[in-house]
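One structure is given below, encoded as structure tokens.
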Amino acid sequence: MFKTAHRESRVVAVSTEQMFDLVADVERYPEFLPLMREARIVSRHASGYETEQVLMLGLLAYRFRTRTELEPPHAIAVTSADRNFRRFDIRWSLAPATEGGCRIDFSLDCEVRSLWFKPLGDVLVTQMALTTVNAFAARARRLEAGQALSVQRPRG
């Protein structure tokens, strides 16, 4: 089985609330997140939502569903029970940074179940792990610079 684990911490110059709203706004991910072709909320529940997502690498596409639990403004947990994953777990922990802004602690743990999906999963999950925090930090910098982003927190 293919497994990947990635941990990353970073301080960005936006508030914890702004960063939470940015991460929670899953339907905007295709605008800035590498490999993300589609992200659509398919159902909502009291503490979050379920999303159908499509990751794309060249002509290869992978569609899967995730469940997101929101704990405003400090934590977001994303899991998937998709048949190709033995485990898929993304955690965002957000807190005010002592130097100002928001401290992001990001973790991604994934184990691919399917031997068929392994080659694609290997590339997609590794790339996703390595680029996610950078993409969100860049998006936060644009937000701080006043370049758009009418971020809407999903409602239950």
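For the sequence shown, my numbering assigns the number 112 to the initial residue and increments by one for each residue that follows.
Glycine included, every Cβ here is placed at the ideal spot set by N, Cα and C.
By the Cβ rule, the region 237 to 252 counts as touching the region 138 to 145, because three or more pairs are nearer than 8 angstroms. Within the region 121 to 164, the complete alpha helix (DSSP H) segments at least 4 residues long are 127 to 135, listed from N- to C-terminus.
Its chain contains 122, 206 and 208 as the residues whose beta carbon lies nearer than 6 angstroms to that of residue 214, once the 5 sequence neighbours on both sides are disregarded; these appear in chain order. Taking 8 angstroms as the cut-off, the beta carbon of residue 176 is found closer than this to the beta carbon of residue 191. Residue 251 counts as buried, since no fewer than 16 other beta carbons sit within 10 angstroms of its beta carbon.
Rounded to whole angstroms, residue 137 and residue 168 show a C-alpha spacing of 19 angstroms. Residue 135 counts as buried, since no fewer than 16 other beta carbons sit within 10 angstroms of its beta carbon. Closest by C-alpha distance to residue 118, out of 255, 256 and 237, is 237.
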